[in-house]
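*Asks:* The sequence shown maps to residues 0 to 222 in numbering that gives the first Met the number 0. Idealized CB from N, CA, C, for every residue including glycine. Input: one structure, supplied below.
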Amino acid sequence: MGGGRYELLIGAGWNEPEYLGYDLMERGRGMPSAGERVDRFKEALQILRGMFDNDVFSYEGRYWTLRDAVNLPPPVQQPMRISVGADKPRMIRIAAKYADGLNNGGGLDSLGKIRELLVPALERNGKRLEDYYFSGFAAQVTVNESDEEYEAMAKRIAERSKRSVDDVKGDVFSGTPEALVEKFRKAEDLGVKMMVVYIRPATTIEEMKEKLSRFSDEVIKEL
């Protein structure tokens, strides 16, 4: 149905209301520790990789066991890309070993720090960043009308986050169209192949259409 455009992005989970609301651990056992969540995730990732790559797959772990599990028909795209949402060292190492990509939801500083951990982790597994799907997620993209508006926004964020204005302006994916183009180019220089963006603020459909159109015309077309 998707013509081979499907991509799987998964993580270990961090939002306790989701664990409780969906009873992910079953029988009301609540949310496990961070270490157990990562242990479970590592097994699940190996199972997904094995199921996507093989018609029949077996696995025996601490949490899950599969014996001659069948996954037919196989995914249209081969290999099926799996990306991992991660920002901690252990998750980055797991993503480098078992996944095809890594997604991080921080700003430029965070993406740079992730890269420093990701590159050697990939090399230990015989992989290169150039062949890996390193991507970012920017949830607060604002296209400012002027330098003055950009400065005021940066000051507000700096006050809330107890950071310097210069730090915010150099890191957060917001600003004038020219500033945004520069930031996305810096992300590309870090090896980022894709950015998932949320354009804000918008309170109506028409306002969102206008902001998306401006982002497309003044930012994307310059990249």
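At what residues does the beta strand (DSSP E) containing R39 begin and finish?
*Replies:* Note, R39: premise wrong, no beta strand (DSSP E); alpha helix (DSSP H) at A33 to D52.
*Asks:* Run the CB neighbour count on R36, radius 10 Å, all protein chains shown included, and call it buried at 16 or more, exposed below.
*Replies:* By the neighbour-count rule (16 or more Cβ atoms within 10 Å), R36 is buried.
*Asks:* What's the C-alpha gap between F51 and S134?
*Replies:* Rounded to the nearest angstrom, the two C-alpha atoms are 22 Å apart.
*Asks:* Going by DSSP, name the residue or residues bridged to A68.
*Replies:* The partner list for A68 (beta bridge, DSSP) reads F56.
*Asks:* List the endpoints of the continuous beta strand (DSSP E) containing Y197.
*Replies:* That run of the beta strand (DSSP E) goes M193 to I198.
*Asks:* Sort out for me which residues DSSP pairs A137 with in a bridge.
*Replies:* Looking at the DSSP assignment, A137 forms a beta bridge with V196.
*Asks:* Would you call Y131 buried or exposed, if buried means 16 or more other Cβ atoms sit within 10 Å of its Cβ?
*Replies:* Buried, by the Cβ-count rule.
*Asks:* Which residue from T202, V191, M79 and L110 puts its Cα closest to that of D170?
*Replies:* Closest option to D170, Cα to Cα, is L110.
*Asks:* Relative to the C-alpha of E122, which candidate in G104, A94 and S57 has its C-alpha closest?
*Replies:* Cα-wise, what sits closest to E122 is A94.
*Asks:* By the three-class DSSP mapping on this structure, what secondary structure does Y149 have?
*Replies:* Y149: helix per DSSP, three-state reduction.
*Asks:* Could you tell me whether the segment 93 to 107 touches the segment 56 to 71, where touching means 3 or more Cβ pairs closer than 8 Å?
*Replies:* Not touching, per the Cβ criterion.
*Asks:* DSSP three-state label for G169, please.
*Replies:* Three-state result, G169: helix.
*Asks:* Considering only the beta carbon of each residue, do V83 and V69 sit closer than 7 Å?
*Replies:* Not in contact: V83 and V69 (Cβ atoms no closer than 7 Å).
*Asks:* By alpha-carbon positions, which one of K41, W13 and M194 ends up nearest to G106?
*Replies:* Measuring from the Cα of G106, the nearest candidate turns out to be M194.
*Asks:* Is it right to say I81 is buried, meaning 16 or more other beta carbons lie within 10 angstroms of its own, or is it exposed?
*Replies:* Its Cβ being crowded by 16 or more others within 10 Å, I81 is buried.
*Asks:* For the segment 80 to 111, which segments carrying the beta strand (DSSP E) assignment without a break, of at least 3 residues, lie completely within its bounds, in sequence order?
*Replies:* If we require 3 residues or more, the beta strand (DSSP E) runs fully inside the segment 80 to 111 come out as 81 to 84 and 100 to 103.
*Asks:* Using DSSP with H/G/I as helix, E/B as strand and the rest coil, what is G20?
*Replies:* If DSSP states are grouped into helix, strand and coil, G20 belongs with the helices.
*Asks:* Do G104 and F136 come within 7 Å of each other at the CB atom, strictly closer than that value?
*Replies:* Yes, they are a contact pair.
*Asks:* Would you mind stating whether P176 and V218 have Cβ atoms separated by less than 7 Å?
*Replies:* Contact flag set, yes.
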